[in-house]
Every structure is written in structure tokens, then in C-alpha cells.
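Numbering (this note's numbering), first residue to last: 412 to 1165. Every residue gets a Cβ at the ideal spot worked out from N, C-alpha and C, and that includes glycine.
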């Protein structure tokens, strides 16, 4: 295996002059993509910060700063505007997770109580609007909804205003605040309007419904975000908390934090290897799939390298600790995933971008409307000015705008689940339709991910049954990782085991044993056959040569004179892999295959599934670098994998897809998971993205068409023509109808075939 440069942690390093520090910090207080942008701009404008990149999905920021600048200084810069950095704690990730849990519970409680109090206000406003006592009841219920359960909207809007920015919180606070103030005035001083021959309306239900609807959307968003840190936690969980080391000539169990370079570590069957090192004594097979992605465990003898997080199998051995703490390969993989996630610029949600322009425009129109009517309104100038300006704000209510994206996403996610595609976030669903390059891992993605006996040829047919029983007995006692595949194959064929004695395992070559008559039988590679002067018949040599060309592992079974049978073991290609790749190519998507397996195997698999672009013998970091290379060429890249070794590349890709039977880490890092592990689901997922994005665009059209038509009418454009002024209540109804249109359009996606 090619060595990785892990001499210095990637999460914090210094440049050549020793001045620049790079570190990742959890951030709290961010509620939307605009907040992430604010955090980023504040830190980037802080003296001593070279670069800051916020990842809103993981609530973290990757900062490059002068070493003379302390983390506390960065924290103070953010605290001054209402955000916070988690620094100087023993476990910042756990501290962040705890705050996220508390925040989610608070949002949940606020949404529930807002809904409970909004229901009577809605009923009174829609069906008993002229009942004067009902207005006072509505007022009593509206005050806690707006100014307690919905206070975060007003607080966040104020924070944005301090920086000259506006987002959805601004629009919510502005429209609900104006509606409440206007309704409060009409409740306290109805005679002001009665004296002018106008019946005053109140709009408490509009204000409370807006708060409740938007709170529900925030709750769903927080729930989706709450799982983003679990991948890193599980990666960290691969390393055991304690280990067994030889200290002062005695074996002792010590905390992993206490281990030092040079310690002799003891590893027993089934245990995880705690740190990186070199085997001193003993032998075993180690499952290194978390690094290489390959299902076949690797034989380890004296002088072989072992890595933290990999799993020992049946043997025992001792090794010398060489890389501990943050220097291990596992720690590097953790850092690579963290940095790949944090290096992406936060995706500015389309609605937030629009709101940033929409809010000031609506405010300007409302003010302009008020001023114009004060000049041209005649005797009723103030009345007309106030009603029209409020109508503009009410009809510009962001309900439809707020629902446009999440409703389409929710239906799209549900549609995906129906088709065995689990989608973890909106970003991947929105971006999937742009994908023009797909990178596939081989093992467990294109192939089934487990070694099986694909071919078994008997040279001696006459005694096949007895020899099969001997073969089963040999492999049942063998510790070789491929033995299980042979045992499974023979048991499926109903073979019964024969009694053997003098079993002996020959490291790196195979095993041998004798039957009750004292005759020896062997199973292993060509080296074992040659050392024991065992003849390999011509027909078996031909079979073996053909299977090796197909990149299969060949195993010989013999007595002490001649080879009796030859077996081919390989990782089978999934039945749908070839057709799925053909569909992707037909849709104009470039398809690549990467694998930690050797080039011969990679070439054989690529040929069978119709791929010309492939690479073998790649490390986890190589996969991520390949994705970066494609991205540098302007490609929108989807990475598909199933192993921990794929997690870095999955985090780097624009769209990440994990196979359902794969590791928890891969599924946590990936934004989509294919439950059936069927590659046919990939073209379906991309098509689902296309349909969903189309629905979002249609929703935004419906959300805005009412404003495009309604705002000019609310401003009194028709008054000079036919004397019509839009009542704010009708404006509220138009707003509600726009929301219904958006939801109805989103539901159409349910009937779409993908």
C-alpha cells in the first residue's frame, strides 16, 4: 500500500513561515443560508483571518488564520452579532450536538404551541370576523404566538438589518408585525374608521398562520440537519477506547489516549486494531475493507503494516505502535471527511436569494404607495394610504414563497422512498439533475461485494463425492478468508464433511491435512503445489489460465500426487450494473470506475460492464482527488460507493450516493442511499431530481405571479380606472390561494413515473 503523508494533522497546520493555522470550529446560532453567509463574511473581515468557509449543513466553519489570533478572538467577533463558536471544550463535536438537540426541541415546542394557539385565531378570523369580542380573544392568543413562540423571526430579522441584509425572517417579521400593529389599532380604536365610513378589519389570523407555517418548515429543516454529525462520530467509534499493551513486561489494558510510539500492542481474534504499526510476532488475517474497500481480508505476518480501525479475524499477533493519536490513517480519513464537507461554499437557497431582493422591493413599493396616496388621495388620503400600503405588505406575505421549495422537496423525497432511494437533504435533490459525471466504486457497488465460488472443475469425476467431503473438511478448518466462500458453496450442494487429522496451515500458501488412512490432501496456490511436487494436469492448467484472465482467484485442491480440482473465486458483478451504466451513458452522463483492487481485476470488471474509463489500486484520498479533478474541469460529479474508504470522495462530490448494504459511515456521509443497492436506481434518482426541480420552479412561478399581479392592484393601480381598492382581507385570501396552488402543484409529483 502506498504510504500517505500524515506527518501533520490536516485540521491544523502551519505554513512555511509558521504563521498560518487552519482549524474547523462548530458554529451555533445559524438558522438559514443567509446566516451562514453572514458568519463567513464577518470572519473573513476579521483582522488576521486569511479565509473562512462555512458549511451550513454541518454547522461548522473552516478558518485559516494567523497563529497570533486566538480562537477566542474569532468567537468574540461572532458573539457580537449573535452567533457563537464552540472552542476550548474537551469534545466540541459533542457540545455542538447537545446544543443542536436543545435547539431542535425548542423549535418543536414553539411549533406545537403556535399551532395550538393559531387554530382558534384562524377560526375566529375566517368565520366570526365581525364578532367584536372575538377580536380581543384573537389578540390575546396572537401576542404569545408572535412575540414569544415566533420571537426568533423578529430577532433574526433585526440581526440581518444591522448588517444591511434581508432574508425570509425579515419578510416574516415585517408582514406579521405590520398586520399585527394594524389589527391592534383597529381593535383598540375602531371608531377611527367608523367615523370615516369604513368597517375596520383585523388580520390576526394572517399573522399567526404565517408564524406557524414557517415554524413548521424550520422544524423539518432542523430535523434533517440533526444527523449531519453522526458520520464523524461513527468514524471516531471505529477506534477502541482501550487497548492491551506490554508495559514493564506485563500485559495491561490502558486507555488509548495513553499509548505512545514504541509500545508493543496485543491484538486478539475479533478485536479492532487501535493504532497504526508493524507486526512483531504472530499472524492473522485482517479485514481492511474500511481502507481499501475490498472484501477479502489481508494476511498479516511479521513486518506487515497494520492500521487503526481495521478488524482482526481469527489469529493473534503483537505489533509495535508507530503512529498514534491524530497521526493514524483512521484519524486522517476523519479529517479528510471533515475538510471535504467544510471546504464547500454554503449553498445559497434560491428562496433566500430571492427574498434578499424581494423584501427591500416590497418595502419600497409599500412606502411609495403610502406617499403617493398621501398626495393624490384627497379627503381620504391617509385612509387610502394606510390601507393600500398594508395591503401591499399583506399580499406580499411569504407563505407561498416559503412553501415553494420545501413542499416540492418533501414530495420528491417521498417519491424517492417509494422507489428505494433515500434522500437526506434538499441540496442533492436540487443538484442531481445537473450531474454529468458519475464515479462508481467497484466492490459492493458494481459488484456484490463478497467473494463467491464462480467455477469448480473436477479432474477426477469418479471420486468426486469423497473428494468434495475432504475439501469441505479442509476449508472448514482453514482461517483463510476465501475458505468461507468454498464452505458455503459445498454446503449448498449438500456435501458432508469428512474426518481429517494432522491439519496444518501454511502461511501465504494454503493448508493440508490427512484422512483417517493417513493420505494427505492439500488446498492452496501454485506455490503450495510446486513445493510438494504435485502434478497439475493440462486440462486444469487451461481452466486456471482462462479464469485468471478474467481476474478470478484460482485455488487448487489435490492429494499428495496430483491436483484433483480447481476452483475460481471472484466478486460477482450485479445483474443490473451493466444496464444501469448503459442508461447513464445514454443520458449523456460520463461514467468512471475506481477501485482499490489491482489493475487486472479492474480492467476485467470494466470490460464486462461496458466501461472504458477506470482506475485500479487507488487509495481513499486518490478517489477524492479524482473527483476534484473532474470538478476542476467543470463537471458536476456524483460519487457512488459503499465503504468507509469511499467516505472522503463521497463528501467531496457534488452529489453523493451510498449503497444500502454498505457501511454506516458511507451512508451517513452520502446525501442519497440506494436501499436495494441496485445501480438502476441511479438514473431514477437523477430523473427524480429533474422532475423535482421543475416542480420547484413552477411553485416559485405561482408564488410570485400573485405578487406580480396583486401588488400593483393592492397599491391602487385600478383605482383611477374603476375606483377599486384591494381590501387587505382580500389580499390575505389571495396569499392563502397562492399557498394552496403551490401545495397542489407539488402533490402532482406523486403521480409522476420515474
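Check                                                                                                              : Outcome
CB contact flag (residue 908, residue 925, <8 Å)                                                                   : no
Cβ separation of residue 864 and residue 883, assumed to be a contact under 8 Å, to the nearest whole Å            : At roughly 12 Å, the Cβ-Cβ gap does not stay under 8 Å, so residue 864 and residue 883 are not in contact.
Rounded distance between the beta-carbons of residue 712 and residue 694, thought under 8 Å                        : 5 Å
Alpha helix (DSSP H) segment containing residue 456, residue limits                                                : Premise fails: residue 456 is in no alpha helix (DSSP H) and is neither H nor E.
Contacting residues, own chain, Cβ-Cβ under 6 Å from residue 545 (five flanking each side not counted)             : 535 and 539
Through-space distance from residue 1061 to residue 1033, alpha-carbon basis                                       : 12 Å
Closest residue to residue 1082 among 565, 1053 and 724 (Cα-Cα distance)                                           : 1053
Euclidean distance between Cα positions of residue 1044 and residue 1000                                           : 14 Å
Residue 850 and residue 1070 closer than 8 Å at C-beta                                                             : no
C-beta atoms of residue 724 and residue 685 nearer than 8 Å                                                        : no
Under 8 Å between C-beta atoms of residue 1020 and residue 857                                                     : yes
Which listed residue (1068, 474 and 516) has its alpha carbon closest to that of residue 496                       : 474
Length at least 4, wholly inside the segment 851-939: the alpha helix (DSSP H) runs in chain order                 : 875-888 and 894-903
Outcome for residue 599 when other beta-carbon atoms lying within 10 angstroms are tallied against a minimum of 16 : exposed
Span separating the alpha-carbon of residue 1104 from that of residue 1065                                         : 16 Å
Exposed unless 16 or more other CB atoms sit within 10 angstroms - verdict on residue 983                          : exposed
Reduced DSSP category for residue 472 - H, G, I as helix; E, B as strand; rest coil                                : strand
Selected residue, minimal CA-CA separation from residue 1153, among 830, 821, 960 and 971                          : 821
For residue 720, three-class secondary structure by DSSP                                                           : coil
Three-state secondary structure assigned by DSSP to residue 967                                                    : strand
Simplified DSSP assignment, three categories, for residue 435                                                      : strand
Rounded distance between the beta-carbons of residue 665 and residue 675, thought under 8 Å                        : Incorrect: roughly 12 Å between the Cβ atoms, too far for contact.
Nearest-angstrom Cβ-Cβ length linking residue 1137 and residue 775, presumed shorter than 8 Å                      : About 18 Å; that fails the 8 Å criterion.
Within 8 Å, strictly: CB atoms of residue 584 and residue 560                                                      : no
Beta-carbon proximity of residue 482 to residue 465, cut-off 8 Å                                                   : no
Beta carbon of residue 1165 nearer than 8 Å to that of residue 1095                                                : yes
6 Å CB neighbourhood of residue 627 in its chain, flanking five on each side removed                               : 522
Pair within 8 Å by beta-carbon distance, residue 736 and residue 717                                               : no
8 Å Cβ shell around residue 592 - same chain, five flanking residues per side excluded                             : none
Any non-hydrogen atom of the ligand GTP closer than 7 Å to residue 1070 Cβ                                         : The ligand GTP is not part of this structure, which contains no ligands at all.
Option in 459, 975, 655 and 1037 with minimal Cα separation from residue 873                                       : 975
Separation of residue 878 from residue 940, as counted between CA atoms                                            : 17 Å
Cβ-Cβ distance between residue 845 and residue 1160 below 8 Å                                                      : no
Inter-stretch contact (C-beta, 8 Å, three-pair minimum) for the segment 827-842 and the segment 1125-1132          : no
Reduced DSSP category for residue 653 - H, G, I as helix; E, B as strand; rest coil                                : strand
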